[in-house]
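In what follows, a structure is listed as C-alpha cells, so that the remarks can point back to it.
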Amino acid sequence: MQYYTKQQLQGSHKYTAHTRVGNWNEDTAVDEVKLQEFIRKKDNGELMLDAFAARIHAALNQVPLATAGKSENVQFGDTFQLRSKETEAVVAVDLKDKDPRADFHAYAVTCSHIAHPCPRNTFVLEKFQHGKNHGTTYIAEYSDQFLHYGQIVLLRANPAVEKDTDTPLPLFLTSNIVSLTSFSKVSKNQEVSLTPSTAYDSAWKVLPVKPEHRDVAEGEPVMAGAPVVIRHCHTGQDLCCLGMQQKNDFGTEFEICANTVPTNGKNWKLHKDSTGLHDAQHDVAGSQPNFFCFVTGNLS
5 MQYYTKQQLQ GSHKYTAHTR VGNWNEDTAV DEVKLQEFIR KKDNGELMLD
55 AFAARIHAAL NQVPLATAGK SENVQFGDTF QLRSKETEAV VAVDLKDKDP
105 RADFHAYAVT CSHIAHPCPR NTFVLEKFQH GKNHGTTYIA EYSDQFLHYG
155 QIVLLRANPA VEKDTDTPLP LFLTSNIVSL TSFSKVSKNQ EVSLTPSTAY
205 DSAWKVLPVK PEHRDVAEGE PVMAGAPVVI RHCHTGQDLC CLGMQQKNDF
255 GTEFEICANT VPTNGKNWKL HKDSTGLHDA QHDVAGSQPN FFCFVTGNLS
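For our numbering, add 4 to where a residue sits in the sequence shown, where the first one is 1.
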C-alpha cells in the first residue's frame with residue numbers, strides 16, 4: 005500500500021497548509037492566531053508603529069517659550085531655544101538614541117529644522133553651583149536673574165522630555181574631550197550629548213562673538229536674539245554646527261559638536277602661540293558655525 009503521495013516522494017516544496025496531508029491544519033491555525041493578535045494590538049494601540057507615532061507626537065507637541073518677565077534679556081528659568089546662525093536650525097535632543105554602554109546615561113543631541121518650540125528643542129537655563137570637584141573655579145555671582153556674559157551656566161533639557169528616560173535625574177548639555185570612545189558621529193570632533201552630570205563637563209559660558217569685545221562685555225546681560233559664542237568651560241571648545249547631515253528618527257538633521265572653527269586670519273592664534281599669552285585680546289575668534297542665539301518668548 006502506498007502511504008505517500010507523488011509529491012512527497014519527489015520532495016516537492018509546493019505543499020501549503022490547505023493540502024490535507026498529515027497535520028494539515030497547523031499552519032492555518034498559527035496564521036489565524038497571528039491575525040487575531042495583530043487585530044488586538046491594533047485596537048489597543050500596542051503596535052510598534054503606534055508607539056513610534058506616539059513618541060514622535062509627544063516630542064513634537066508644541067510648548068510655549070516661557071519668559072519670567074517682559075525684558076529683552078535672557079533670564080534664568082526661561083524656556084528657550086538655541087538657534088544656529090550657520091544653518092538656522094535649533095538644538096534638539098533624541099532620547100531614544102542612547103549610548104549603548106551599561107550604566108552610562110548619554111543621549112544624542114543634533115540641530116533640527118523643526119523650528120516650532122517643542123519638548124525636544126527647548127531648554128531651561130540654570131546656574132552652575134560650586135562642588136567638591138571644581139571648588140577652585142572662580143564663579144562670578146550676580147544678584148539679578150539675568151544671564152551675563154562670562155557667567156558659567158548649565159543648559160538643562162526641557163523637563164517634559166525627561167520622563168521618557170531611564171534615569172530620574174535632570175539632563176544637561178555635556179561634552180568631553182575627544183577620545184577613542186567619545187567623539188561626534190560625523191565630523192569626529194568633540195561630542196556633545198545630554199547626561200545627568202552637573203560637574204564641570206556640563207558647564208558652559210556665553211561670550212560675545214568678537215574676542216576684542218569679551219573683556220568689555222563681561223558682566224553685561226545677554227540679549228535674546230543676539231549672536232553669541234557658547235563655550236565649553238572644561239575643554240575651551242565652542243558649541244558648533246558645521247551643517248553636516250546626521251539621520252535619526254526625526255529625519256535628516258545636522259550634527260552638533262564642540263569645536264572652535266577659526267577664521268582665515270590666524271594672527272591671534274600665531275601671536276598667542278609665540279608669546280604664550282592667553283586672554284581675550286589674543287583669543288581665537290570662531291566663525292559662523294560657532295555662532296548661536298537665544299530664542300525666548302519675548303523675541304519677536
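Virtual Cβ for every residue (Gly too), placed ideally from N, Cα, C.
(1) Can you find a heavy atom of the ligand GDP that lies under 6 Å from the Cβ of F254?
(2) According to DSSP, simplified to helix, strand and coil, what is Q40?
(3) Taking only the alpha-carbon atoms, compute the straight-line gap between T264 and V37 and give it to the nearest angstrom.
(4) Return the chain-ordered list of same chain residues with a C-beta closer than 7 Å to the C-beta of I234, the five sequence neighbours on each side being excluded.
(5) For the candidate residues T169, P68, L177, whose alpha-carbon lies nearest to that of L158?
(6) By Cβ distance below 7 Å, which residues in the same chain neighbour Q258 in space, the five residues on each side in sequence not counted?
(7) What is the C-beta distance between S179 and E166, in whole angstroms, given that I count them as a contact (C-beta under 8 Å)?
(8) With C-beta atoms as the reference, is V299 less than 7 Å away from Q85?
(9) Identify the continuous alpha helix (DSSP H) that holds R160 and give its terminal residues.
(10) Closer than 8 Å by C-beta to P212: which residues in its own chain qualify, once you throw out the five before and the five after it? Chain order, please.
(11) State the DSSP-derived secondary structure class of F80, mapped to helix, strand or coil.
(12) Would you mind reading off the limits of the alpha helix (DSSP H) that contains A221?
(13) In whole angstroms, give me the CA-to-CA distance for A96 and G240.
(14) Can you tell which of G49, D107, D103, C122 has its C-alpha closest to the C-alpha of A63?
(15) Quick check: what's the CA-CA separation for N162 versus T83?
(16) Of the choices A203, F42, A110, whose alpha-carbon is the least far from that of H238?
(17) On the DSSP letters alone, give me the boundaries of the alpha helix (DSSP H) that F56 sits inside.
(18) Whole-angstrom Cβ separation of N252 and D98, contact assumed at under 8 Å?
(19) May I ask you to list the residues that DSSP assigns as paired with H152?
(20) Starting from L129 and walking both ways along the beta strand (DSSP E), at which residues does that stretch end?
(21) Tell me the DSSP secondary structure of R105 in three-state form.
(22) Take V190 and list the residues in its own chain whose beta-carbon comes closer than 8 Å to its own, dropping the five residues that flank it on each side.
Taking the definition as stated:
(1) In the structure shown, the ligand GDP is absent, as is every other ligand, since no ligand is present at all.
(2) Locating residue 40 in the sequence shown gives position 36, where the first residue counts as 1. Shown here, Q40 sits in a helix according to DSSP, grouped into three states.
(3) Position 260 of the sequence shown holds residue 264. Position 33 of the sequence shown holds residue 37. Going by the C-alpha atoms only, they are around 59 Å apart.
(4) Numbered from its first residue, the sequence shown carries residue 234 at position 230. The answer, listed in chain order, is W208, V210, D242, L243, F296.
(5) Start at 1 with the first residue of the sequence shown, and residue 158 comes out as number 154. Relative to L158, the option among T169, P68, L177 whose CA is nearest is L177.
(6) Translated into positions along the sequence shown, residue 258 becomes position 254. For the record, residue 258 in the displayed sequence is Phe; it is not Gln. Closer than 7 Å at the Cβ level, and outside the excluded window around F258, lie T91, A93, T114, C115, C245, G247, M248, Q249, Q250.
(7) If you number the sequence shown from 1, residue 179 lands on position 175. If you number the sequence shown from 1, residue 166 lands on position 162. Their Cβ separation, rounded to whole angstroms, is 19 Å, which puts S179 and E166 out of contact at 8 Å.
(8) In the sequence shown, residue 299 corresponds to position 295, counting from 1. In the sequence shown, residue 85 corresponds to position 81, counting from 1. Cβ atoms of V299 and Q85: closer than 7 Å.
(9) Translated into positions along the sequence shown, residue 160 becomes position 156. Taken as a continuous stretch (DSSP letters only), R160 belongs to no alpha helix (DSSP H), being part of the beta strand (DSSP E) at 156-161.
(10) Along the sequence shown, one-based indexing puts residue 212 at 208. Y153, R218, A221, V232, V233.
(11) To locate residue 80, count along the sequence shown from 1; it is residue 76. Reduced to three states, the DSSP call for F80 is coil.
(12) Taking the sequence shown and counting its residues from 1, the one referred to as residue 221 is at position 217. 218-221 is the extent of the alpha helix (DSSP H) around A221.
(13) Start at 1 with the first residue of the sequence shown, and residue 96 comes out as number 92. Start at 1 with the first residue of the sequence shown, and residue 240 comes out as number 236. Using only the alpha carbons, I get a separation of about 22 Å.
(14) Here the question's residue 63 lines up with position 59 in the sequence shown. Ranking G49, D107, D103, C122 by Cα distance to A63 puts C122 first.
(15) The count along the sequence shown starts at 1 and reaches residue 162 at position 158. The count along the sequence shown starts at 1 and reaches residue 83 at position 79. Distance between the alpha carbons of N162 and T83 is about 8 Å.
(16) Start at 1 with the first residue of the sequence shown, and residue 238 comes out as number 234. Comparing Cα positions, the closest option is A203.
(17) Position 52 of the sequence shown, counted from the start, is the residue given in the question as residue 56. F56 -> alpha helix (DSSP H) spans 52-64.
(18) As a working note, residue 252 is residue 248 in the sequence shown. As a working note, residue 98 is residue 94 in the sequence shown. Indeed, because the Cβ distance is near 5 Å, the residues count as touching under 8 Å.
(19) If you number the sequence shown from 1, residue 152 lands on position 148. The partner list for H152 (beta bridge, DSSP) reads P225.
(20) If you number the sequence shown from 1, residue 129 lands on position 125. Note, L129: beta strand (DSSP E), 127-131.
(21) Numbered from 1 along the sequence shown, position 101 holds the residue referred to as residue 105. Residue state, collapsed to three classes: coil.
(22) The residue labelled residue 190 in the question sits at position 186 within the sequence shown. Excluding positions up to five away in sequence, the list reads M248, Q249, Q250, E259.
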